[in-house]
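As C-alpha cells, the structure follows; a few thoughts come after it.
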DNA sequence: CTGACTAAGTCCGGAATCTGGACCCACCGT
DNA sequence: ACGGTGGGTCCAGATTCCGGACTTAGTCAG
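Residue numbers (our numbering), protein chains in the order written: chain H, 9 to 143; chain X, 9 to 143.
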C-alpha cells in the first residue's frame with residue numbers, strides 16, 4: 009500500500025484519473041475541471057503514464073495533440089475512486105448533496121459497496137484478521 | 009472527492025489510518041512501521057483528528073500519553089484502504105506476493121470487491137453514467 | 001544516584017514539491 | 001494580421017517534507 013500511495017497518493021494524481029474515467033481525456037480540459045496548476049498536472053500525467061495507469065495517445069498528427077486514456081491498470085483504480093467518492097459524499101457533502109451522482113446500468117443511483125469476494129458479505133474491519141505481516 | 013483528497017490524500021495520512029486499523033495506535037509504533045518522519049506524522053495525526061477520522065485518547069495520566077483510535081468516519085475509510093491494497097497487491101506485488109494478507113471471518117483469504125449496493129453486481133466503469141455534474 | 005530506555009512530541013536547516021502566472025509553438029478561422 | 005485553442009514549458013516564491021537532534025517525564029537496572 010505504501011508503494012501504491014507513492015504513485016497515486018500525490019496531489020492531483022487521483023483527480024486526473026477520475027477525469028479520465030469521466031471522459032475528459034485532454035490536458036486543457038483536466039486543467040479546467042480539476043483546477044490543478046498546469047505544471048503540476050503535466051508532471052502528474054507523466055508519472056501516471058510511467059506507472060502504466062494512463063496511456064498518452066496522439067489524436068492529431070500535425071499540431072501534435074495528445075489524449076490520456078486509461079490502461080487496464082488504470083481502469084482497476086475505479087474501485088478506489090468509487091470508495092473515496094462514497095466517503096466524501098457521506099462525510100463532506102454539506103451544500104445540497106454530492107457534486108456528482110452516477111447511475112448504474114441496473115437502474116439505481118450508484119452506491120459503491122465493498123464485499124468479500126469469496127462470500128459476498130459486506131466488509132467490516134472487525135471481521136478480518138491478519139495472516140502475515142512484514143515490517 | 010477533491011475535498012476528500014485534501015484530507016486523506018496527503019502523504020502518510022492513509023498509512024496512519026491503516027496502522028490504526030491494524031491495531032497500532034501509538035505514535036512511536038506508527039513511526040516505526042510507516043517510516044514517516046516524526047514531524048510529518050505528528051502533523052498528519054493532527055489533521056486527521058481535526059477531520060474527525062481519528063480520536064486522540066489519553067491512556068496514561070502522568071506522563072501524558074496518547075493513543076489514536078478510529079472514529080466512525082475513520083472506520084468508514086476501510087473500503088478505501090482495502091481497494092488500494094488490492095490494487096497494489098495486483099500491480100506492485102513483485103517480490104513473493106503481497107506484504108500483508110488478511111483473512112475474512114468467512115474462512116477465505118480476503119479479496120475486496122466493489123459492487124453496486126442496489127443490484128450487487130461487480131462494478132465496472134462502463135456500466136455507469138453521470139446524472140449531474142458540477143464544475 | 002547514575003545511566004539507559006520509553007513515549008510522544010518539537011525544533012531545525014536543507015531538500016523536494018506545489019503554485020500561479022507568463023510564455024511558447026503550431027495550427028485554425030475570419 | 002489577429003485572436004483563439006491545445007499542450008505544454010519556465011520561473012520565482014511558498015509550502016511541505018525530510019532526517020536527525022533535542023526535550024520532558026517517568027521507569028527500570030545496577
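Using N, Cα and C, we set each Cβ at its ideal position, and we do this for glycine too.
message = Please tell me whether residue 11/X has its Cβ less than 8 Å away from any Cβ of chain H.
response = By this cut-off, residue 11/X is an interface position.
key: C-beta neighbour in chain H for residue 47/X, strict 8 Å   = no
request  = Give, in chain order, every residue of the segment 59 to 87 of chain H whose Cβ lies closer than 7 Å to some Cβ of chain X.
outcome  = Only 81, 83, 84, 85, 86, 87 from the segment 59 to 87 of chain H bring a Cβ to less than 7 Å from some Cβ of chain X.
query = What number of angstroms, rounded off, separates the C-alpha of residue 75/H from the C-alpha of residue 131/X?
reply = For residue 75/H and residue 131/X, the distance between alpha carbons rounds to 25 Å.
ask   = In angstroms, rounded to a whole number, what distance separates the CA positions of residue 92/H and residue 125/X?
value = Roughly 15 Å separates the two Cα atoms.
request  = Go through its chain and collect everything with a Cβ distance to residue 42/H's Cβ below 6 Å, but skip five positions before and after it.
outcome  = 23
request  = Kindly indicate if chain H contains any beta-carbon less than 8 Å away from that of residue 36/X.
outcome  = Chain H contact via Cβ: absent.
inquiry  = Using only the alpha-carbon positions, how far apart do residue 87/X and residue 134/H sit?
reply    = Going from the Cα of residue 87/X to the Cα of residue 134/H covers about 13 Å.
inquiry  = Under 8 Å, with one C-beta from each stretch per pair, do the segment 62 to 74 of chain X and the segment 61 to 74 of chain H reach the 3-pair mark?
reply    = The answer is no - the segment 61 to 74 of chain H does not touch the segment 62 to 74 of chain X, with fewer than three Cβ pairs under 8 Å.
Any chain H beta carbon closer than 8 Å to residue 98/X = yes
key: Within 8 Å, strictly: CB atoms of residue 21/X and residue 52/X   = yes
Residue 41/H, enclosing alpha helix (DSSP H) - first and last residue = 35 to 42
query = Between the beta-carbon of residue 118/H and the beta-carbon of residue 136/X, is there less than 8 Å?
reply = yes
ask   = In angstroms, rounded to a whole number, what distance separates the CA positions of residue 122/X and residue 138/H?
value = 21 Å
message = Please tell me whether residue 50/H has its Cβ less than 8 Å away from any Cβ of chain X.
response = no
query = Quick one: does residue 24/X have its CB under 8 Å from some CB of chain H?
reply = no
task = Could you check what DSSP says for residue 79/H in three-state terms: helix, strand or coil?
result = coil
ask   = Does any C-beta atom of chain X lie closer than 8 Å to the C-beta of residue 116/H?
value = yes
query = Between residue 9/H and residue 37/H, what straight-line distance do the alpha-carbon atoms span, to the nearest angstrom?
reply = 30 Å
ask   = Comparing the C-beta of residue 122/X with each C-beta of chain H, is any distance below 8 Å?
value = yes
ask   = What are the start and end residues of the alpha helix (DSSP H) that includes residue 129/X?
value = From DSSP, residue 129/X is part of no alpha helix (DSSP H); its letter is neither H nor E.
ask   = For residue 28/X, which of helix, strand or coil comes out of DSSP?
value = helix
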